[in-house]
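Novice:
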C-alpha cells in the first residue's frame with residue numbers, strides 16, 4: 001500500500017510539472033487510475049482469501065539526542081529513547097461473495113470512466129494541439 005501511495009504521489013508531482021496537455025490527460029485519467037488501484041487490492045483479497053487492514057503502532061527505539069553544546073562549541077549528545085510510528089498489514093476476514101460483487105461493480109465503473117477519459121483526452125488534444 002505504501003508503494004501505491006508513493007507511486008500516486010510521484011504521478012501527481014510529475015503531472016504538476018508536465019505540459020498543459022499532459023496535465024489535462026492526467027486529470028482525465030485520474031479516476032481510472034484510482035479504480036485500477038482499488039481493483040488490484042480487491043483482486044488480491046480474493047486471491048488470498050482474506051483482506052489486509054493497515055494498523056499503526058508505536059515502538060520505542062534507542063537513539064542519540066543532542067542536549068546542548070560543549071564549551072568547545074561541539075554538540076553534546078547523550079543516549080535517549082524516541083518513539084517511532086510504524087505501520088503493518090493485519091489480516092482480516094472478508095466476505096468473498098461481497099468482494100466478488102464489489103470487483104464486478106468496480107470493473108463496470110472502470111469501463112464507464114475509461115470511456116469518459118478517452119473522450120476527455122480527445123478534448124485535451126483539441127485544446128492543446130501542440131501535445
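Numbering (this note's numbering), first residue to last: 1 to 131. Glycine residues also receive a C-beta, built at the ideal position from the N, C-alpha and C atoms. Note that this is a predicted model, so its numbers are computed, not measured.
My assumption, with CB atoms under 8 Å, is that residue 46 sits in contact with residue 99. Please give the rounded CB distance.
Specialist: Correct: roughly 5 Å between the Cβ atoms.
Novice: Within its chain, find whatever has a CB closer than 8 Å to the CB of residue 102; leave out the 5 residues flanking it on each side and keep chain order.
Specialist: Excluding sequence neighbours, residue 102 sits near 42.
Novice: So, are the CB atoms of residue 55 and residue 90 less than 9 Å apart?
Specialist: Cβ distance < 9 Å, so residue 55 and residue 90 count as in contact.
Novice: Which of the three DSSP states is assigned to residue 18 in this structure?
Specialist: DSSP places residue 18 in coil when its eight states are reduced to three.
Novice: My output table needs one value for residue 44: the three-state DSSP class, helix, strand or coil.
Specialist: In the structure shown, residue 44 sits in a helix (DSSP, three-state: H, G or I).
Novice: Got a sec, what are the start and stop residues for the beta strand (DSSP E) residue 51 sits in?
Specialist: Element bounds for residue 51: 51-69.
Novice: Short check: CB of residue 49 to CB of residue 92, under 9 Å?
Specialist: Not a contact, by the Cβ cut-off of 9 Å.
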